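I have placed the structure first, in the form of structure tokens, so that the comments after it can refer back to it.
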């Protein structure tokens, strides 16, 4: 596991140092850049959450068995949310506005409650800069409906949060296969 982590960290540093965010393809359970050279762990999923990090934590727990080689970066709007997502299995954790803005730039997929796209959501924890970074990122976004956000999506069937999480995991796994 330590060798995998070291190889993963090295690959991420090289990719970011090169200043490019290339799209990788999932082939045979190994993520590669799609240029013939296979490298481990090149799919970057940024999970953003606030408050206690419960939604982000459950999402990460459910994603890990399907995408064990993906880099999952937990970005919390506060330390408690970040810690909860790290305990759930995220590779890296970062907290605050700057961390969210920075990590959204190179993400392949961004996931979290629908409030991550709304300025001042989560009782003000989600800053306008975070919402803008999520919205302007070239990454694919998977948003989980949360009734507390006071934003409703027409045509979306009402179901328990656990079912929305299952749907989100399925969607992220399917998007990862397209990357």
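In this note's numbering, the protein residues as written are 29 to 207.
All C-beta atoms in this analysis are idealised placements derived from N, C-alpha and C, irrespective of residue type, glycine included.
Values in this document were obtained by computation on a predicted structure and should not be read as measured data.
Under a Cβ-count criterion, where at least 16 other Cβ atoms within 10 Å of its own Cβ denotes burial, should residue 192 be classed as buried or exposed? Residue numbering aside, residue 192 sits at position 164 when the chain shown is read from its first letter. That one is buried.
Helix, strand or coil for residue 134, going by three-state DSSP, please let me know. Walking along the chain shown from the start, residue 134 turns up at place 106. Looking at residue 134 - three-state DSSP - the assignment turns out to be helix.
Per DSSP, what are the beta-bridge partners of residue 169 in this structure? One-based indexing of the chain shown puts residue 169 at position 141. Paired residues: 138.
Tell me the rounded alpha-carbon separation between residue 68 and residue 104. Start at 1 with the first residue of the chain shown, and residue 68 comes out as number 40. Start at 1 with the first residue of the chain shown, and residue 104 comes out as number 76. Unreliable placement is indicated for residue 68, whose pLDDT of 48 sits below 50; the coordinate value is still reported in the next sentence. The alpha-carbon atoms of residue 68 and residue 104 are separated by roughly 25 Å.
Three-state secondary structure assigned by DSSP to residue 123: Sequence index remark: in the chain shown, residue 123 carries index 95 (1-based). Residue 123: strand per DSSP, three-state reduction.
Between which residues of its own chain and residue 156 is the CB-CB distance below 8 Å, once the five residues before and five after are set aside? Within the chain shown, residue 156 is the residue found at index 128, counting from 1. 147 and 148.
Residue 99 and residue 116 look like a contact to me (Cβ under 8 Å); what is the Cβ gap, rounded to whole Å? Translated into the one-based positions of the chain shown, residue 99 becomes position 71. Translated into the one-based positions of the chain shown, residue 116 becomes position 88. Rounded, the Cβ-Cβ distance is 15 Å, inconsistent with contact.
Whole-angstrom distance between residue 198 and residue 205, CA atom to CA atom: Within the chain shown, the letter at position 177 stands for residue 205. Within the chain shown, the letter at position 170 stands for residue 198. When only Cα atoms are considered, residue 205 and residue 198 end up about 11 Å apart.
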